[in-house]
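To keep things clear, I will list the structure first and then write my remarks on it.
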Amino acid sequence: MRLRKIKPECSPLVAGESFSCCGYYRVSTGRQAESDLSIPDQRKQIAAFCVAKDWNLTAHYIEAGASATDDVRGEFQKMIERALDDDRPYDAIIVHSYSRFFRDAFGLEMYIRKLAKADVRLISITQELGDDPAQIMMRQVIALFDEYQSRENGKHVLRAMRENSRQGFYNGSPLPLGYTTEEIEKRGIRIKKKMAVDPVEAETIRLIFRLYKDGDGREGPIGVKKIAVWLNERGHRTRSGARFGVSGIHKILTNEAYIGRATFNKRCSKTLRMKPDAEHITFDIPSIIDRTVFDAVQTTLRAHNPRSIAPRVLTGPILLTGLAQCATCQGAMTLRTGTSKSGMVHRYYTCSTCARQGKAACKGRSIRMDRLDNLVVDHLQARLFQPDRLTALLGSVMALRSERAAEVDSRVARLQTEISDADERLKRLYQMVEDGLTDLDDILKERVGALKHDRERAKAALDRIRETRSSAMTFDPETIERFGRLMRDNIATGAIPFRKAYLQSVIERVEVDDDVVRIVGNTATLEQAIAGGAAPADGVRRSVPKWRTR
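In this text, residue positions in the sequence shown follow the working numbering: the first is 43, and each later residue adds one.
Printed below as a string of structure tokens:
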């Protein structure tokens with residue numbers, strides 16, 4: 043059976059008022075739309091064309107700042123949907139050139155044929171072509187050249203933007219919360235900008251990291267979801283005025299821009315797929331968060347990842363699982379057993395990397411389980427949890443806080459300047475109204491409201507800094523002695539899961555080397571543990587299939 047190819051055809055062109063058409067006008071960027079030159083010119087030429095043909099131009103669809111490489115365009119889809127309606131409102135769609143309609147050869151032909159089935163033509167006023175095979179081929183060739191030119195322009199624009207990023211300049215992508223831009227220099231008509239710290243929003247970022255790492259001073263570290271709830275309950279909002287969500291908090295906590303490492307060309311703008319690392323452009327910007335704080339947060343995030351820690355690490359019968367690691371490869375030390383000639387079973391901590399991949403991956407090391415457990419517990423009891431040692435460690439924390447006091451003072455000064463500037467501007471506006479130099483119209487009311495909003499945000503950020511200062515923890519000898527006694531008892535006696543929970547509340551890892559065992563912790567974590575009475579956080583089972591909170 044032979045299949046007959048059906049070619050959609052339109053009715054012949056006719057002149058007069060009965061021939062109805064609409065105009066489609068487009069520019070690619072917002073900057074072109076703001077200049078207000080291209081679209082008015084397109085409208086003028088299309089209107090003159092329709093007058094010359096004696097056609098009735100009944101509708102206008104304006105697409106300001108949209109690419110024609112795809113059909114994800116609001117006005118475009120609205121126009122197509124209207125053109126295909128059963129009442130046939132248009133006989134033709136008029137464009138300045140085919141590139142205004144589409145810059146993709148396949149997309150152009152698909153929509154031309156779709157419109158033709160509804161007896162609607164696509165007419166370019168600068169590329170008038172008929173319906174014979176030679177002119178259809180010419181239209182397709184033009185479309186291919188438009189597509190090639192679009193891709194070539196995109197390649198050169200991306201190349202220029204990559205070089206702009208290498209020089210540390212801002213390319214116009216959405217700014218992370220906590221940053222703004224400042225003008226650095228002017229090259230011709232182009233103003234070069236760099237990212238700078240917004241003193242008000244930066245306090246929100248510091249607050250989020252502090253809540254996750256240390257808590258709010260009333261309890262221990264707060265999880266990602268609880269941070270979002272905590273911020274929303276206290277009236278904190280994003281730059282757009284929206285409430286914080288779990289994904290937004292997690293994105294902030296993992297964004298390396300806050301330690302001064304911004305990345306450009308990370309994802310494809312069309313598909314949002316991650317590009318290869320070789321194509322990423324990293325450049326320096328002012329940091330908001332200390333690198334040590336950021337690294338500690340990443341470690342905690344990885345540890346709290348439900349896919350990374352099995353339930354046995356939290357509740358298993360082995361004291362140092364999740365803490366003991368090989369000093370060579372940083373792989374976990376896991377349980378291995380061996381039987382002696384007498385039939386006695388011995389238990390060892392062994393490097394898991396060597397056990398799984400062989401000595402080519404890590405030379406490996408083993409240590410008897412009871413020996414390592416006793417070494418760690420005895421050392422903590424005899425050295426760390428003694429009052430004089432705890433006092434010395436907390437003294438170093440207080441000294442570090444004193445060193446950072448100057449940086450906090452500068453942040454306070456910047457916020458006070460922001461508040462003073464807003465107050466001064468408001469006073470000038472009020473004085474102009476009182477003197478009769480201007481009326482309090484809608485525009486002025488909007489400006490006054492914006493200044494008041496900026497002032498209140500700055501005041502709230504300043505209050506948070508002062509609250510942090512006033513809530514700085516101090517410890518008397520009695521509290522330190524009580525904490526040390528509690529920890530000495532709880533890490534040595536009782537069920538293994540509870541002993542493990544107390545250990546994990548104050549130390550981060552136990553590195554096993556050939557001749558030495560290193561116990562690594564964080565003084566800030568220790569400080570928080572003392573403030574919270576050393577109560578271990580309630581663990582949750584982290585790799586149960588389809589686990590969720592109730």
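We treat Cβ as the ideally placed atom computed from N, Cα and C, and that holds for glycine.
Classify residue 242 as buried or exposed, calling it buried when 16 or more other Cβ atoms lie within 10 Å of its own Cβ.
buried
If you run the structure through DSSP and keep just helix, strand and coil, what is residue 558?
coil
Closest to residue 239 by CA distance: which of 248, 373 and 233 is it?
For the residues 248, 373 and 233, the minimum Cα distance to residue 239 belongs to 248.
Do residue 411 and residue 425 have their C-beta atoms closer together than 8 Å?
no
Which residue wins for smallest C-alpha separation from residue 335, given the options 375, 201, 253 and 213?
253
Quick check on the burial criterion: 16 or more other C-beta atoms within 10 angstroms. Buried or exposed for residue 590?
Low confidence applies to residue 590: its pLDDT is 44, below 50, so where it sits in the model is not reliable enough to give any reading.
So for residue 416, helix, strand or coil by DSSP?
Correct three-state label for residue 416: helix.
With DSSP as the reference, please indicate the residues paired to residue 98 in a beta bridge.
In the DSSP output, where bridge partners are listed per residue, residue 98 has 62.
Is the separation between the beta-carbon of residue 302 and that of residue 329 shorter than 8 Å?
yes
With a threshold of 8 Å, are at least 3 pairs of Cβ atoms found where one atom belongs to the region 276–283 and the other to the region 198–213?
no
Please report the straight-line C-alpha distance between residue 499 and residue 474, rounded to a whole angstrom.
25 Å
Could you tell me whether the Cβ atoms of residue 132 and residue 181 are closer together than 8 Å?
Going by C-beta atoms, residue 132 is not nearer than 8 Å to residue 181.
Roughly how many angstroms lie between the CA atoms of residue 255 and residue 294, to the nearest whole one?
13 Å
Measuring alpha carbon to alpha carbon, tell me which residue in 126, 470, 171 and 552 is nearest residue 415.
552
Let me know if residue 183 comes out buried or exposed under the rule of 16 or more other beta-carbons within 10 Å of its beta-carbon.
Around the beta-carbon of residue 183, fewer than 16 other beta-carbon atoms lie within 10 Å, marking it exposed.
Could you check the C-alpha separation between residue 464 and residue 300 for me, to the nearest Å?
27 Å
My output table needs one value for residue 377: the three-state DSSP class, helix, strand or coil.
strand
Let me know if residue 396 comes out buried or exposed under the rule of 16 or more other beta-carbons within 10 Å of its beta-carbon.
Here residue 396 is buried. Its C-beta has 16 or more other C-beta atoms within 10 Å.
Beta carbon of residue 100, beta carbon of residue 62: below 8 Å?
yes
Which residue spans inside the region 83–138 form an unbroken beta strand (DSSP E) run of at least 3?
98–106 and 134–137
Measuring alpha carbon to alpha carbon, tell me which of 367, 462 and 432 ends up nearest residue 409.
367
Going by DSSP, name the residue or residues bridged to residue 163.
Looking at the DSSP output, residue 163 shares a beta bridge with 134.
Taking DSSP as the reference, what is the three-state secondary structure of residue 302?
coil
Thinking residue 71 and residue 107 are a contact (beta carbons under 8 Å), I'd like their distance in whole angstroms, please.
6 Å
Look up residue 371 in the DSSP assignment and say whether it is helix, strand or coil.
Residue 371: coil per DSSP, three-state reduction.
Can you tell me the Cβ-Cβ gap for residue 369 and residue 555, rounded? I've got them flagged as a contact below 8 Å.
4 Å
Short of 8 Å in beta carbon distance, which residues of its chain neighbour residue 105, apart from the five on each side in sequence? Order them along the chain.
66, 67, 68, 69, 115, 116, 117 and 118
Which two residues bound the contiguous beta strand (DSSP E) that contains residue 170?
From DSSP, residue 170 is part of no beta strand (DSSP E); its letter is neither H nor E.
Can you find the residues in the same chain that come closer than 7 Å, C-beta to C-beta, to residue 87, ignoring five residues on each side of it along the sequence?
138 and 167
Suppose contacts are defined by Cβ-Cβ distances below 8 Å. Is residue 235 in contact with residue 246 by that definition?
no
Between residue 110 and residue 85, is the Cβ-Cβ spacing less than 8 Å?
No, the pair does not count as a contact, with Cβ atoms beyond the cut-off.
Please give the ranges of any alpha helix (DSSP H) in the region 203–280, keeping only runs that are unbroken, at least 4 residues long and fully inside the region.
241–255 and 266–275
With a 10 Å radius around its C-beta and 16 neighbouring C-beta atoms as the bar for buried, classify residue 121 as buried or exposed.
buried
Check whether the Cβ atoms of residue 291 and residue 419 sit closer than 8 Å, and answer yes or no.
no
Going by other Cβ atoms of all chains shown within 10 Å of its Cβ, with 16 needed for buried, is residue 176 buried or exposed?
The residue in question, residue 176, is exposed, as its Cβ has fewer than 16 Cβ neighbours within 10 Å.
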